[in-house]
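The next block holds one structure in the form of structure tokens; read it before the comments.
Here is the structure:
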């Protein structure tokens, strides 16, 4: 995560952050938590079509729309509103996004993105970015 008060050069997903803090995840328990810096980097790379390492306004709008869709999907399967999804919920969430993965691929996804048997929103977004890039749904 970005150090508190340190600028990562990215706007906030919930509105412009005067301090320039990283994109934030919000809406699960009313708090705002910065995304992991690696997640920020892969989100930018997903849309950085001119390879500058920066996002223009239209690219940001596209990222914002993708994040909102992923958040809605995540919340639909976070039945206990813990801010995490369990492995069987992750399978349902991936299917709801239109992806069909083999049981072996699902096990790899869960091993890669879960901590303590649950997948937090930050890791869920990282998984969505990876699925999007692997399937060419840019």
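In the UniProt record's numbering, the protein residues as written are 1 to 138.
Positions of the beta carbon are idealized from the N, C-alpha and C atoms, including for glycine.
Presumed contact (8 Å Cβ cut-off) between residue i and residue j, rounded CB distance
{"i": "residue 73", "j": "residue 96", "result": "6 Å"}
{"i": "residue 67", "j": "residue 91", "result": "Actually they do not touch by this definition, with Cβ atoms about 21 Å apart."}
Rounded C-alpha distance that separates residue i from residue j
{"i": "residue 127", "j": "residue 48", "result": "18 Å"}
{"i": "residue 85", "j": "residue 120", "result": "7 Å"}
{"i": "residue 69", "j": "residue 108", "result": "23 Å"}
{"i": "residue 5", "j": "residue 42", "result": "Confidence at residue 5 is low in this model, with a pLDDT of 37, below 50, so the placement of that residue should be treated as unreliable; the coordinate-derived value is given next. In a straight line, the C-alpha of residue 5 is about 22 Å away from that of residue 42."}
{"i": "residue 76", "j": "residue 57", "result": "29 Å"}
{"i": "residue 125", "j": "residue 50", "result": "22 Å"}
{"i": "residue 115", "j": "residue 65", "result": "27 Å"}
{"i": "residue 78", "j": "residue 89", "result": "7 Å"}
{"i": "residue 59", "j": "residue 129", "result": "14 Å"}
{"i": "residue 113", "j": "residue 61", "result": "26 Å"}
{"i": "residue 87", "j": "residue 54", "result": "34 Å"}
{"i": "residue 169", "j": "residue 83", "result": "Because the chain here runs from 1 to 138, residue 169 falls outside it and cannot be looked at."}
Beta-carbon gap between residue i and residue j smaller than 8 Å
{"i": "residue 35", "j": "residue 122", "result": "yes"}
{"i": "residue 52", "j": "residue 99", "result": "no"}
{"i": "residue 94", "j": "residue 101", "result": "yes"}
Cutoff 6 Å; reference residue i; Cβ partners in own chain excluding five residues on either side
{"i": "residue 81", "result": "none"}
Proximity test, Cβ basis, 8 Å: residue i and chain D
{"i": "residue 45", "result": "Among the protein chains of the structure shown there is no chain D, as only one such chain exists."}
Own chain partners of residue i with C-beta closer than 8 Å, once the 5 adjacent residues on each side are dropped
{"i": "residue 117", "result": "86, 87"}
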